[in-house]
Amino acid sequence: RLGLSGFRHLKRVLDQYERMGLVDLHEELSDVDDAPTIVRKVFGTAVQAIQDTQAILDYPTFERAAAVLADAQHVVVYGLGGSAVIGQDFEHKMLRIGKFVRAHCDTHMMAMSASLLASGDVALAISHSGASAGVVEAMELAGDAGAETIAVTNVPKSPITRAARHVLLSASQGSPITGENAASRIAQLNILDALFVRVSQTNRLEALKSLERTMGSVSRKRYT
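Our numbering puts the first residue of the sequence shown at 899, with every later residue one more than the last.
Here's what the structure looks like:
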């Protein structure tokens, strides 16, 4: 399935990959970079993260995650820092198609909301490291309450992957200047955008009706 002729071919490809080094895999920014170079490097890192994430995405898990989101009575999203912004964006998108989602970026609110979930509800956590204690604890509470749990993270076998039933992985290189999770945020945003589209497709007629109504409700707020 990888298009390799055998184990020796695999070893040769892996050896070539290892020899690339971190600089080739992820170009760091420099004080002497001009504007076009900076844009190329930053954009290139983001594009690479999206491509790598698409390559490793587990489609059966993606389908199961989309299915439980489509059928959910209540959906809560947990994320801290940069991940919180992704959660808020997902809340906004889902509301457009008539799905009421609540994104939390406070660990106390996460814990309280998780404790009130039940079977038929979904808790979705976004964490680059997968090790944010407040997010992991909230996911554990949600699972204990009987809710479905979905995690989007950049780190396999992190604490959050043990707390979630459905795990969707992003893939990105860290950067001291742009931040270790800068590229992964873009990749994770694309994962959630794809989930949003899949949920919309599942409930297409309802989604279209809600989309028309929500778009109409804000159209008068724009200057023409």
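The beta carbon of each residue, even a glycine, is placed where N, CA and C say it ideally should be.
On a predicted model such as this, the values are computed, not experimentally measured, just so you know.
Rounded to whole angstroms, the gap between the alpha carbons of L967 and I995 is 13 Å.
Beta-bridge pairing by DSSP links I1024 to V1050. For H1064, the secondary structure class from DSSP, reduced to helix, strand or coil, is strand. The segment 999-1006 makes contact with the segment 967-980; the number of CB pairs closer than 8 Å reaches 3 or more. Following the DSSP letters along the chain, one finds A1040 in no beta strand (DSSP E) but inside the alpha helix (DSSP H) bounded by residues A1031 to D1042. Sequence-distant partners of S1056 (beyond 5 residues in either direction) whose C-beta falls short of 8 Å from its own C-beta, in its chain, are S1025, S1027, G1028 and A1029. The DSSP assignment places complete alpha helix (DSSP H) segments of no fewer than 4 residues inside the segment 928-988 at 933-954 and 957-969, in order along the chain. For N1088 against T951, the beta-carbon gap comes to about 7 Å, under 8 Å, which counts as contact. Of the other Cβ atoms in all chains shown, fewer than 16 fall within 10 Å of the Cβ of E1110; this residue is therefore exposed. Under the three-pair Cβ rule at 8 Å, the segment 983-995 does not count as touching the segment 932-952. DSSP places R1000 in the uninterrupted beta strand (DSSP E) bounded by V999 to H1002. The C-beta distance from A1023 to I1058 rounds to 6 Å, short enough to fall under 8 Å. By the neighbour-count criterion, in which a residue is buried when 16 or more other Cβ atoms sit within 10 angstroms of its Cβ, G977 is buried. In the structure shown, the three-state DSSP call for S1017 is coil. D956 is a Cβ neighbour of L1066, given a cutoff of 8 Å. Less than 8 Å separates the beta-carbon of A1009 from that of A1036. Closest by C-alpha distance to R962, out of A1062, F905 and Q914, is A1062. In summary, V1034 is buried, with 16 or more beta-carbon neighbours lying within 10 Å of its beta-carbon over all protein chains present. DSSP, read as helix, strand or coil, puts I1058 in helix. The C-alpha of R1118 lies about 19 Å from the C-alpha of L1106.
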